[in-house]
Amino acid sequence: MVVVSNRLPLERDHRFLDEVRQRSGQALERCFQCQKCASGCLLADYADYAPNQILRMVQFGLRDKVLGSSAIWLCSSCQACGARCPNGIDLSAVMDCLKEMAVAAGIGNDEHAALFHRLFLNEIAHRGRVNEALVLAKYKLRTRELLADLPLGFSLFRKGKMSLFSSRVKDREALNRIFERTAQCKPA
Amino acid sequence: MKVSFYPGCSLESTAREYSASSRAVCEALEVELREIKDWNCCGATSVHSLNSALALALPARNLALARDEGRAVVTPCAACYSRLRLAQHTLRRDKEKRRAAEEVLGLPLGRLVEVWSLLELITEQIGLDRVAGRVRQPLGGLKVACYYGCLLVRPAKVTGIGRPEDPRWLDDLMSCLGAEVRPWSYKTDCCGASHAITNPDVARGLVGRLLDMAGEAGAEALVTACPLCQTNFETQRPRDNDRPTFYFTELMGLAFGLPETKNWLSKHLVDPVPLLVKLGLI
Chain L
439 MVVVSNRLPL ERDHRFLDEV RQRSGQALER CFQCQKCASG CLLADYADYA PNQILRMVQF
499 GLRDKVLGSS AIWLCSSCQA CGARCPNGID LSAVMDCLKE MAVAAGIGND EHAALFHRLF
559 LNEIAHRGRV NEALVLAKYK LRTRELLADL PLGFSLFRKG KMSLFSSRVK DREALNRIFE
619 RTAQCKPA
Chain F
-2 MKVSFYPGCS LESTAREYSA SSRAVCEALE VELREIKDWN CCGATSVHSL NSALALALPA
58 RNLALARDEG RAVVTPCAAC YSRLRLAQHT LRRDKEKRRA AEEVLGLPLG RLVEVWSLLE
118 LITEQIGLDR VAGRVRQPLG GLKVACYYGC LLVRPAKVTG IGRPEDPRWL DDLMSCLGAE
178 VRPWSYKTDC CGASHAITNP DVARGLVGRL LDMAGEAGAE ALVTACPLCQ TNFETQRPRD
238 NDRPTFYFTE LMGLAFGLPE TKNWLSKHLV DPVPLLVKLG LI
């Protein structure tokens, strides 16, 4: 666990709290650090910060630390935190907002989860549907882990659970329109 | 009964047996599934992690495609259900987001149809009485832990579930099929989701814990309604844990005496047949 101390000479961005509050639509000032979110967070053991710490750091305006944390990418969006928050804060929405802001700021691009999400999104942009085998292969190529799960990949192919051919959306025009008009993310 | 059917991408790939068993079970219960023409991916977790506007527009297009049919949209996949249901919930309540989504799609969304998970359709719309009436071979002796995962239940204000920490749909359904449902406290804990790909140590840790706890609860198998959870249980399990994980529709097929059940089970990476043979169920 890392303790956030106000004695450290940390860069504070006073607009950060307002920005996250506005973009996520969540009343972040209500958090009184009961740590119920952290108690139920199954990913907190693996992350650099627990969810309540992330919230506190947002309140303090520690933009770089928050957007550069592994915690926001380890969040699996299971939403247990938000379900249990006594103040009704939807922490998953906050985490989503932080991920989006990190990508926009060019931070966290080396996170594996960020790369996977981008490849997944690109697959939808290309086909309208996701061919799981193709996304996996592209991810493995990019992370140079092609051999890691090869036996598993073979058994999935053998069982007919993965194929290089799959259906796609026919209405390209509708699909392109959606992606053009919501374009915020740079392709991987 | 007729409904609009949204299979989603996993049902065409890693969850083929979930697709086949869902269709067969619905046919047995006289539910006609009419697949939404030219449906697109719901966006899943990846899109809502990166782009909130796109995360609403993708499921909104599917709801728009289903609108003309006027029937409820039903999907077996927990993740697709979560995205479609959240989109419907948001578009019904937030006028600004609805206007934005209509502008992105270039068409009016009109009256939005209902969105149900297949589990919800079977337990709440069709009802367990009708399911019980179709059982030919009760699953006596099969001890199961019912695993819901995250997306069928949370957030409760969107799914409308009364007991988000202790859902009952699968439990009641499995009891109705004659299986012995073992009580446990891990029904809605996360399986690690896409960390199976991006942080396998994390996924293996979470899956290992769940399988251990299911064992401690006295379950010989798990039952789920989520393609990603099922795949994670099979691929991220500790080597010494070979508890099978069934889709609930497969066990319905088995209890209904549907002959195709064996084909579905042959797709599993952890062979569930020895357990079923031992119990005299196959």
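These protein sequence lines map, in sequence, to chains L and F.
Once you know that position 80 of the first sequence is 518 in this note's numbering, the rest is easy, because the numbers rise by one and skip nothing.
Once you know that position 275 of the second sequence is 272 in this note's numbering, the rest is easy, because the numbers rise by one and skip nothing.
Think of the CB as a built atom: it goes at the ideal place given N, C-alpha and C, for glycine as much as any other residue.
Query	Result
Inter-residue spacing [alpha-carbon to alpha-carbon] between L/Q491 and L/V532	13 Å
Under 7 Å (Cβ pairs) to chain F, residues found in the region 533 to 550 of chain L	D534, K537, E538, V541, H550
CB-CB length for F/E257 against F/A12, believed under 8 Å	No, F/E257 and F/A12 are not in contact; Cβ-Cβ is about 16 Å, not under 8 Å.
Chain F residues whose Cβ lies nearer than 9 Å to that of L/Y577	I194, T195
Counted within 10 angstroms of its Cβ, other Cβ atoms place L/Q464 as buried (16 or more) or exposed	buried
Nearest to F/W166 (by Cα), restricted to the options F/V128, F/I194, F/C187, F/S16	F/V128
Cβ shell of F/A190 (< 7 Å), same chain only, five flanking positions each side left out	T42, L225
Beta carbon proximity, L/K484 to chain F, threshold 8 Å	At residue 484 of chain L the sequence reads Tyr, which differs from the Lys that was named. Yes, L/Y484 lies at the interface with chain F (some Cβ there is under 8 Å from its Cβ).
Outcome for F/H192 when other beta-carbon atoms lying within 10 angstroms are tallied against a minimum of 16	buried
Contact with chain L by F/P73, beta-carbon distance below 8 Å	no
Boundaries of the alpha helix (DSSP H) in which F/A61 is found, first to last residue	49 to 64
F/C188 versus F/N229 - alpha carbon distance	7 Å
Neighbour-count burial assignment, L/A586, 16 or more Cβ in a 10 Å radius	exposed
The region 470 to 483 of chain L / the region 552 to 559 of chain L touching (three or more Cβ pairs under 8 Å)	no
Distance between F/V178 and F/G137 (C-alpha atoms, nearest Å)	11 Å
Whole-angstrom distance between F/N48 and L/L500, CA atom to CA atom	23 Å
Closest Cα partner of F/R236 within the set F/V112, F/D35, F/D209	F/D209
Cβ neighbour criterion (16 or more within 10 Å) applied to F/R133	exposed
Boundaries of the alpha helix (DSSP H) in which L/E570 is found, first to last residue	570 to 580
Beta carbon proximity, F/S49 to chain L, threshold 8 Å	yes
Three or more C-beta pairs below 8 Å linking the region 82 to 93 of chain F and the region 591 to 607 of chain L	no
Rounded straight-line distance, which links the Cα of L/R580 to that of F/A69	40 Å
Interface flag, L/H564 vs chain F, CB-CB below 8 Å	no
Interface residues of the region 598 to 625 of chain L facing chain F [CB-CB below 8 Å]	G598, K599, M600, S601, S604, S605, V607, K608, D609, A612, L613, R615, I616, F617, R619, T620, Q622, C623
Three-state class that DSSP yields for F/Y244 in the structure shown	strand
Closest residue to L/V607 among F/C39, F/E24, F/E27 (Cα-Cα distance)	F/C39
Supposed close pair F/V204, F/Q233 - CB separation, criterion 8 Å	4 Å
Best match in F/E9, F/Y183, F/L51 for proximity to F/R95 [C-alpha to C-alpha]	F/L51
N- and C-terminal bounds of the beta strand (DSSP E) containing L/F603	Looking at the DSSP string, L/F603 is not in any beta strand (DSSP E), and its letter there is neither H nor E.
Partner residues on chain F for L/L529, Cβ-Cβ distance less than 8 Å	Simply none; closest approach about 11 Å.
Close beta carbons around L/L512, own chain, < 6 Å, minus the five adjacent residues each side	L481, Y484, A485
8 Å Cβ cutoff met for F/G157 and F/T185	no
Cutoff 8 Å: L/R477 Cβ touching any chain F Cβ	Reading off the sequence shown, one finds Ser at residue 477 of chain L, where the question assumed Arg. No, no contact with chain F.
Element boundaries [beta strand (DSSP E), containing F/C143]	140 to 144
Alpha helix (DSSP H) segments (min. 4 residues) lying fully within the region 454 to 484 of chain L	454 to 462, 474 to 478
Per-residue DSSP class, three states only, for F/W113	strand
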